[in-house]
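**Q** Heads up: the sequence shown begins at 5 in our numbering, then just goes up one per residue.
Cβ coordinates follow ideal geometry from the N, Cα and C atoms, glycine included.
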Amino acid sequence: MHRRRPAATATVTPATVAAIVLALITGCAPSEPTPPASWTDIFGGIDHADADQEAMNREREELISQCMRNLGWEYIAVEWPAVDQELTKEAFQAQTYERGWSHVWNVLYGEDDILPRTDWVDPNAEYVSSLTLGESQAYMEALYGTPAQQEAATVTFTDPATGDTVSATVGNNPGCAGQAADAVEHRASVTDPQGLWDAMQVHYQAMDDTALADPRKIALDATYQACMTEHGFAYTDPLDFFMRGYRSIDQRLEEILADAPSRTPFDGWTEDEIAQWYSSTSQTQRDAYLDEVARTPYDAATTAALEELMQDEIALAVADQECSGTYQDEWQAIQDDVQAQYVTAHEAELRAIAAQFLDPATP
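1) Against chain D, does residue 156 count as a neighbour if the rule is that its beta carbon must be under 8 Å from one of theirs?
2) Give the single residue among 67, 170, 258 and 234 whose Cα lies nearest to the Cα of residue 108.
3) Beta carbon of residue 207, beta carbon of residue 362: below 8 Å?
4) Since residue 163 contacts residue 170 with CB under 8 Å, what's their CB separation in whole angstroms?
5) With a CB to CB cut of under 6 Å and the five nearest residues on each side skipped, what residues in its chain are close to residue 65?
6) Among residues of its own chain, excluding the 5 on either side of residue 137, which ones have a beta-carbon nearer than 7 Å to its beta-carbon?
7) Check this for me: beta carbons of residue 42 and residue 342, under 8 Å apart or not?
8) Buried or exposed: residue 270, going by 16 or more other Cβ atoms within 10 Å of its Cβ?
9) Is the CB-CB distance between residue 331 and residue 228 below 8 Å?
10) Do residue 256 and residue 313 have their C-beta atoms closer together than 8 Å?
11) Using a threshold of 8 Å, state whether the C-beta atoms of residue 114 and residue 149 are closer than that.
12) Tell me which residue opens and which closes the alpha helix (DSSP H) that residue 44 is part of.
13) Can you tell me whether residue 103 is buried or exposed, with buried defined as 16 or more other CB within 10 angstroms of its CB?
14) Can you find at least 3 beta carbon pairs, one from the segment 185-193 and one from the segment 46-54, that sit closer than 8 Å?
15) Assuming residue 339 and residue 215 form a contact by the criterion Cβ under 8 Å, report the distance between their Cβ atoms to the nearest whole angstrom.
16) With the cut-off set at 8 Å, would you say residue 181 and residue 158 are in Cβ contact?
17) Which one or two residues does DSSP pair with residue 191 in a beta bridge?
18) In chain order, what residues of the same chain lie with their CB nearer than 6 Å to the CB of residue 351, ignoring the 5 residues before and after it?
19) What ranges does the beta strand (DSSP E) occupy inside the segment 218-252, keeping only unbroken runs of at least 3 residues that lie completely in it?
20) In the DSSP assignment, find the beta strand (DSSP E) that holds residue 171 and state where it starts and stops.
21) DSSP has residue 161 in a bridge; who is on the other side?
22) Identify every run of the alpha helix (DSSP H) within the segment 50-127, keeping only runs that are complete inside it and at least 4 residues long; order them along the chain.
23) Counting only the same chain and skipping the five closest in sequence on each side, list residues whose C-beta sits under 8 Å from that of residue 249.
24) Based on Cα-Cα distance, which residue from 306, 301, 242 and 233 lies nearest to residue 260?
25) Buried or exposed, going by whether 16 or more other CB atoms sit within 10 Å of the CB of residue 318?
26) Rounded to whole angstroms, what is the Cα-Cα separation between residue 359 and residue 267?
27) Between residue 134 and residue 286, how many whole angstroms is the CB-CB distance? I'm expecting something under 8 Å.
28) DSSP on residue 135, reduced to helix/strand/coil?
29) Of all the options 328, 153 and 112, which has the alpha carbon lying nearest to the alpha carbon of residue 232?
30) Could you tell me which whole alpha helix (DSSP H) segments of length 4 or greater appear in the segment 269-350?
31) Which residue wins for smallest C-alpha separation from residue 196, given the options 55, 63, 156 and 242?
32) Cα-Cα, which of 145, 151 and 210 is closest to residue 349?
33) What does DSSP give as the partner residue(s) for residue 362 in the beta ladder?
34) Excluding sequence positions up to five away, which residues of its chain have a Cβ less than 6 Å from the Cβ of residue 199?
35) Between residue 166 and the rest of its own chain, which residues show a CB-CB distance below 7 Å, the 5 nearest in sequence each way excluded?
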């Protein structure tokens, strides 16, 4: 039988009281609780919502410029023009009522800018256009990585929601542009992209399942479905709309163009003639010719079919735009909440994966 130890007693002296008061005055109070770990704490990266995008752009461009010069290429750090996000949003919304998503419009009339043109010019355009085809390819590989480097950083998988074969960059982005982006955004160095992807699948799936079952998501979908019904369409949620509505436009477009007279830019050319053309023209000249071909009118029957399809595209696009509202912002907030809770509950497992597949020398 164990006896309970008697509580220890202590004599409180004036000196003890003075020590306690001094500790309180000098700030030796209980420390604040440690905040829970975030996704970026474990896997690196930054919170883009709080980032200074303009400062990041400047830093990234300087790093690209230094890297390209080290490889023997000219590259002037690009000062990207400021983008008025509200103006851009308004312009795209207005475009929807005239062109839908511009899929058919671009085929009929050629691509153009919907935003007001500015005097901005890429400072590297002239230099790039002066390169031969072989030099241009080497330049782009230095900037964005070789095909082999891009493939090494990529995993390919089947999207369970759409059935599509999808490629995703899991490793670090190659080339000077990729290295600069990784540095600015504090991305950790991935030692085994495929291994990291495979190890994370159970966690991605668990977060997806939780987010999809969230009552807030169910309510969002119900509101979207009711709105689409008012527009005359039977879509249960944006994914259903994408699979059966959005995609139907592209499928019908492919069918129309498959029966249309050919408008390929090199009809009747031999492979040698095509190669000679590429090697003897600048990028500006190539773009001008290809744009001219793209704007060549179709025959009357094809044009009529495309115009009819464009009206269907506009109707679908307008309905989706008016019914989506703040859907994506709210859905992202739900996913962010689920992710934060999941990280707290599974921090040890996630840190173990990070330790296995990320270089500890990087954030």
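**A** This is what the structure holds:
1) Note that chain D does not occur in the displayed structure, where there is just one protein chain.
2) 258
3) no
4) Cβ-Cβ separation between residue 163 and residue 170: approximately 5 Å, consistent with a contact (criterion under 8 Å).
5) 81 and 82
6) 282 and 283
7) no
8) exposed
9) Yes, these two residues count as a Cβ contact at 8 Å.
10) yes
11) no
12) 43-47
13) buried
14) yes
15) 5 Å
16) no
17) In DSSP, residue 191 forms a bridge with 48.
18) 41
19) Entirely contained in the segment 218-252, not one beta strand (DSSP E) run reaches 3 residues.
20) Residues 169-173.
21) 170
22) Taken in chain order, the complete alpha helix (DSSP H) segments of 4 residues or longer contained in the segment 50-127 are 57-74, 89-103 and 107-113.
23) Here the set comprises 237, 239, 320 and 324.
24) When only C-alpha atoms are compared, the closest one is 306.
25) By the neighbour-count criterion, in which 16 or more other beta carbons inside 10 Å mark a residue as buried, residue 318 falls on the buried side.
26) 54 Å
27) 7 Å
28) DSSP, read as helix, strand or coil, puts residue 135 in coil.
29) Closest by alpha carbon: 328.
30) 275-284, 287-298, 304-328 and 331-349
31) When each option's Cα is compared against that of residue 196, the closest is 156.
32) 210
33) 194
34) 361
35) 247
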